[in-house]
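A short write-up of the structure that comes next.
Residue numbers (mature numbering (1 follows the signal peptide of the UniProt record, and there is no 0)): -31 to -1, 1 to 258.
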């Protein structure tokens, strides 16, 4: 009985093992361990400066991760330094060669360093300025953009190159009349004080200040309001104040009223015409007796 019982037990055990193996209930085969996956914090362990640069001045690069640009790592990836065109496309500026010529550090992309005489690269973004320089030619039109803007985004004071018109004039005062990219197209508003005009037109302002006429109380821009150097006609304010006969005889207001800045005041009296000598009376010849 014992031998039979042992045989039955071995048979049941063998059958159970066979069923277990078929059903997958046996001991599982250990899978190979997964390769460790790098995360953003791993990069800084070796590359401390780039993340610090991005944190301080990364601009739009703050919104992406290291892996968005650097898809692989050497030696598995032979060149893991991407081209700017990998992300930056669709604009004329992005078609310029040598991005690193101005954007020296891609981790601080807006810290732009300009070197040399540059114009064309600037025009890929700043089109309005070049149009003004061409439409209103001046000495500024012959300069490189980097002559004045030697730092990207810098707007220099006019007094960096130009002497002020008067001692108290500030860079802000210059902009009241002059635009840097069209400096000869002088345009001003109604708020310009007479002293600003007098900086260039001293004689006219001195005469007006000393005048006793009502023009003394007017601002220069009240009369010269349409355009710089525009001289208005007296009739634009005064109409036709005299009878037609007088106006036909004296067609120019200045013949009687002098100039607008010095009305009715003549610096030197008109030279009187020399009196005409009376015609000599004919002499009568005496008749001989």
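Virtual Cβ for every residue (Gly too), placed ideally from N, Cα, C.
message: Judging by CA-CA distance, which residue of 70, 59, 130, 9 is the nearest neighbour of residue 41?
response: 9
query: Apart from the five residues just before and just after residue 209, which ones in its own chain have a Cβ nearer than 8 Å to its Cβ?
result: 216
task: Can you grab the Cα-Cα spacing for the pair residue 7 / residue 98, in whole Å?
output: 47 Å
query: Does DSSP classify residue 195 as helix, strand or coil?
result: coil
Segments assigned alpha helix (DSSP H), at least 4 residues, entirely inside the region 135 to 189: 140 to 143, 163 to 167, 171 to 179
task: Express the C-alpha separation of residue 36 and residue 102 in angstroms, rounding to a whole number.
output: 44 Å
- prompt: How is the alpha helix (DSSP H) around residue 89 delimited, first residue to last?
  reply: 89 to 92
Span of the alpha helix (DSSP H), counted from its first residue to its last, around residue 64: Taken as a continuous stretch (DSSP letters only), residue 64 belongs to no alpha helix (DSSP H), as it is neither H nor E.
task: Count the other C-beta atoms from every protein chain shown that fall within 10 angstroms of the C-beta of residue 158, then say buried if there are 16 or more, exposed otherwise.
output: exposed
query: Using 8 Å as the threshold, is the region 112 to 130 in touch with the region 83 to 99, meaning 3 or more CB pairs across them?
result: yes
message: Can you tell me where the alpha helix (DSSP H) holding residue 55 begins and where it ends?
response: Unbroken run through residue 55: none, as it is neither H nor E.
field: At least three beta-carbon pairs within less than 8 Å, the region 173 to 184 to the region 122 to 133
entry: no
message: Does the structure place the region 59 to 66 close enough to the region 43 to 50 that three or more beta carbon pairs sit under 8 Å?
response: no
- prompt: For residue 27, does the count of other Cβ atoms within 10 angstroms reach 16, so buried, or fall short, so exposed?
  reply: buried
task: Counting only the same chain and skipping the five closest in sequence on each side, list residues whose C-beta sits under 8 Å from that of residue 50.
output: 39
query: What did DSSP end up calling residue 83 once you bin it into helix, strand or coil?
result: coil
message: Helix, strand or coil, according to DSSP, for residue 228 in the structure here?
response: strand
- request: Put residue 131 into one of helix, strand or coil per three-state DSSP.
  value: coil
field: C-alpha distance - residue 75 paired with residue 69, whole-angstrom precision
entry: 8 Å
Backbone secondary structure at residue 116 - three-state DSSP: helix
- prompt: Is the Cβ-Cβ distance between residue 165 and residue 144 less than 8 Å?
  reply: no
- request: Assuming residue 109 contacts residue 150 (C-beta within less than 8 Å), just tell me the rounded distance between them.
  value: 7 Å
Test item: CB-CB of residue 58 and residue 22 under 8 Å: no
- prompt: What is the DSSP secondary structure of residue 219, counted as helix, strand or coil?
  reply: coil
- prompt: DSSP on residue 207, reduced to helix/strand/coil?
  reply: helix
query: My guess is that residue 168 and residue 232 are in contact by the Cβ rule of under 8 Å, so how many angstroms apart are they, rounded?
result: No, residue 168 and residue 232 are not in contact; Cβ-Cβ is about 23 Å, not under 8 Å.
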